[in-house]
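Chains as they are written, first to last, in the working numbering: chain A, 1 to 230; chain B, 231 to 440. Think of the CB as a built atom: it goes at the ideal place given N, C-alpha and C, for glycine as much as any other residue. What follows is one structure encoded as structure tokens, with my remarks underneath.
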């Protein structure tokens, strides 16, 4: 038996994302952000997107291009403080922003990836983040119902992949990537190194290949991946 | 103020330092001090800050500063990172503030219509760390007090703050509100009281200086 080869052309992978799609994007700041996949999404121009990402990157990087091109209708996030454009668009009513507590966003994505409907938590009780969310009582204490998140597509950045889509991450570039790689109908992973089958030892696999639909190799890394000089 | 706040960290603690002033606390710890620094984006065991020239592009803290590892560091994903926070493994967090109320309420994530950066991991840090201390200027840029009877901005968490370090004073949060513990060198009791928009208890006549 032989595991299937999922390597594909970036143009064809991103073309499977329609207008109006909900897209999870890995990354926390620069590390783990799939800049090359985002650039292709900008080039193809799908519109009316809902983006789920921890942050909005910084001016001139990643998500900022999608905001500048007007492709994003809604942003589900935890922190946009490093992107003045995102804050200005929010203030001007040009972008709907849904803020989440960071670990709750992670758990909502994880629940979606695990086939669960929601999680229960006391995080955010007594703040405006609790507004409009159902509450239940667990052992005499109030808990918020936070619904699970799934997406039409997930854009993932991995340090390494084999051709089957087994993924490995590096340092703080892991962040939301392994969670989002389980929570979308179409999972597209860009990888700095693409290895043949057997190139990743089974114990070194951080996202198992069955979760991944397309593997895109990165022959070169653009400037966006480099150290940011502020 | 930052040097004084560094003395809040006890040997053996797991500590998260928030974006801004709190991050600078680490510069005031002795090199061999036994502490585990945690950052939300997936690292326990933060090492010294790196210059852009010496930086690893994949290794930052939650504020975006380039950092390093130490022997024994661990990387993990964002779910694991907050499992650590919510399950009570975090002994201490130091956070910034827009406002602190005398009830210990904290507001630090949203100024409606003006600046709404979002709370990031701040809500879980404020709600679940075993001890929450705030590092902030005593007043905002316009000179308005940040320590108030009640917060006017959207809350990060209720009743979470145990102690506030400012450029003027060290102030504890007790059942009856703000309690003055220490004064900065050159600052008088009346100046601190004036810059605080809530009652300020002063248990002793001889307030220590820092």
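Checklist line | Chain-ordered neighbours of residue 254(B) on chain A, where CB pairs are closer than 7 Å | finding: Among the residues of chain A, none has a CB under 7 Å from the CB of residue 254(B); the nearest is roughly 16 Å distant.
Item checked: Chain-ordered chain B contacts of residue 34(A) [CB-CB under 9 Å] -> Within 9 Å of the CB of residue 34(A), no CB atom of chain B is found; the nearest one sits about 13 Å away.
Check: Taking DSSP as the reference, what is the three-state secondary structure of residue 148(A)?
Finding: The answer is coil: DSSP assigns residue 148(A) none of H, G, I, E or B.
Next item on the list: Tell me, please, which residues DSSP counts as bridged to residue 141(A).
Entry: Residue 141(A) pairs with 138(A).
Margin query: Here's the rule I'm using: 16 or more other beta-carbon atoms within 10 Å means buried, otherwise exposed. How should residue 324(B) be labelled?
Written below: Its Cβ being crowded by 16 or more others within 10 Å, residue 324(B) is buried.
Checklist line | Contact with chain B by residue 122(A), beta-carbon distance below 9 Å | finding: Interface annotation, residue 122(A): in contact with chain B, CB-CB separation under 9 Å.
Next item on the list: Give the straight-line distance between the Cα atoms of residue 300(B) and residue 273(B), rounded to the nearest whole angstrom.
Entry: So the two alpha carbons sit approximately 11 Å from each other.
Notebook entry, point to check: Which residues in chain A sit within 8 Å of residue 189(B), going by Cβ to Cβ distance?
Noted result: With chain B covering 231 to 440 only, the question about residue 189(B) has no answer from this structure.
Note to self: Tell me the residue span of the alpha helix (DSSP H) that contains residue 91(A).
What the structure shows: Counting along the chain, the alpha helix (DSSP H) containing residue 91(A) begins and ends at 84–91.
Next item on the list: State the CB to CB distance for the pair residue 224(A) and residue 35(A), rounded to an integer number of angstroms; the pair is presumed to be in contact (CB under 8 Å).
Entry: Contact check for residue 224(A) and residue 35(A): beta-carbon distance about 4 Å, within the 8 Å limit, so the pair qualifies.
Note to self: Quick check: the Cα distance between residue 423(B) and residue 429(B), rounded to an integer number of angstroms?
What the structure shows: Rounded to the nearest angstrom, the two C-alpha atoms are 8 Å apart.
Check: Under 8 Å Cβ-Cβ, which residues of chain B neighbour residue 39(A)?
Finding: What residue 39(A) touches in chain B: nothing, since even the nearest Cβ is about 17 Å away.
Checklist line | Proximity below 9 Å, CB of residue 138(A) to CB of residue 345(B) | finding: Cβ distance not < 9 Å, so residue 138(A) and residue 345(B) don't count as in contact.
Notebook entry, point to check: Anyone know if the C-beta pair for residue 227(A) and residue 282(B) falls short of 9 Å?
Noted result: Cβ distance < 9 Å, so residue 227(A) and residue 282(B) count as in contact.
Notebook entry, point to check: What is the C-beta distance between residue 175(A) and residue 26(A), in whole angstroms, given that I count them as a contact (C-beta under 8 Å)?
Noted result: Sure, about 7 Å apart at Cβ, within 8 Å.
Next item on the list: Tell me whether residue 281(B) sits in a helix, a strand or coil according to DSSP, three-state version.
Entry: Residue 281(B) falls in the coil class under three-state DSSP.
Next item on the list: Determine, using beta carbons only, whether residue 77(A) comes closer than 9 Å to chain B.
Entry: Closer than 9 Å to some Cβ of chain B, the Cβ of residue 77(A) qualifies, so yes.
Item checked: Continuous alpha helix (DSSP H) stretch holding residue 408(B): start and end -> Per DSSP, residue 408(B) is not a residue of any alpha helix (DSSP H); the beta strand (DSSP E) it occupies stretches across 407–413.
Next item on the list: Give the residues from the stretch 157–182 of chain A that approach chain B closer than 9 Å (Cβ to any Cβ), ordered along the chain.
Entry: Against chain B - using a Cβ distance shorter than 9 Å - the residues of the stretch 157–182 of chain A are 159, 169, 170, 171, 172, 173, 174, 175, 176, 177, 178, 179.
Next item on the list: Just confirm the distance between the C-beta atoms of residue 57(A) and residue 77(A), as a whole number of angstroms; I'd bet it's less than 8 Å.
Entry: Contact doesn't hold; Cβ gap of about 11 Å is too wide.
Notebook entry, point to check: Does the separation of the CB atoms of residue 395(B) and residue 415(B) fall below 9 Å?
Noted result: No, the pair does not count as a contact, with Cβ atoms beyond the cut-off.
Item checked: residue 9(A) burial status per 10 Å Cβ neighbour count (16 or more: buried) -> By the neighbour-count rule (16 or more Cβ atoms within 10 Å), residue 9(A) is not buried but exposed.
Margin query: Does the CB of residue 387(B) have a neighbour CB from chain A at under 9 Å?
Written below: Residue 387(B) counts as touching chain A.
Next item on the list: Compare the C-alpha of residue 254(B) against each of 384(B), 326(B), 417(B) and name the closest.
Entry: Per the Cα distances, 326(B).
Next item on the list: Tell whether a beta-carbon distance below 9 Å holds between residue 357(B) and residue 381(B).
Entry: Here residue 357(B) is not near residue 381(B), since their CB atoms are 9 Å or more apart.
Next item on the list: List the endpoints of the continuous beta strand (DSSP E) containing residue 322(B).
Entry: Boundaries of the beta strand (DSSP E) around residue 322(B): 322–325.
Item checked: Nearest-angstrom beta carbon gap, residue 215(A) and residue 189(A) [assumed within contact, 8 Å] -> Their Cβ separation, rounded to whole angstroms, is 6 Å, which keeps residue 189(A) and residue 215(A) in contact under 8 Å.
Checklist line | Beta carbon proximity, residue 271(B) to chain A, threshold 9 Å | finding: Against chain A, the CB of residue 271(B) has a partner CB under 9 Å away; the residue lies at that interface.
Check: Does the Cβ of residue 110(A) have 16 or more other Cβ atoms within 10 Å, making it buried, or fewer, making it exposed?
Finding: With 16 or more other Cβ atoms within 10 Å, it is buried.
Next item on the list: Whole angstroms is fine: what's the gap from residue 378(B)'s alpha carbon to residue 354(B)'s?
Entry: If I take the Cα positions, the gap works out to 23 Å.
Check: In chain order, what residues of the same chain lie with their CB nearer than 6 Å to the CB of residue 112(A), ignoring the 5 residues before and after it?
Finding: Cβ neighbours of residue 112(A) beyond the five flanking positions: 148, 149, 150, 183.
Item checked: Integer Cβ distance of residue 305(B) from residue 172(A), believed to fall under 8 Å -> That pair is a contact at about 7 Å.
Next item on the list: Report yes if the CB atom of residue 362(B) is closer than 9 Å to the CB atom of residue 336(B), and no otherwise.
Entry: The answer is yes: Cβ separation under 9 Å.
Next item on the list: Could you run through the stretch 90–112 of chain A and flag, in chain order, every residue whose CB is less than 9 Å away from some CB of chain B?
Entry: When C-beta distances to chain B are compared with 9 Å, the residues of the stretch 90–112 of chain A below that value are 90, 91, 97, 99, 100, 101, 102, 103, 104, 105, 106, 107, 109, 110, in chain order.
Item checked: residue 240(B) in three-state terms, based on DSSP -> When secondary structure is reduced to three states using DSSP, residue 240(B) falls in the coil class, being assigned neither helix nor strand.
Margin query: Relative to the C-alpha of residue 2(A), which candidate in 164(A), 185(A), 99(A), 116(A) has its C-alpha closest?
Written below: Ranking 164(A), 185(A), 99(A), 116(A) by Cα distance to residue 2(A) puts 164(A) first.
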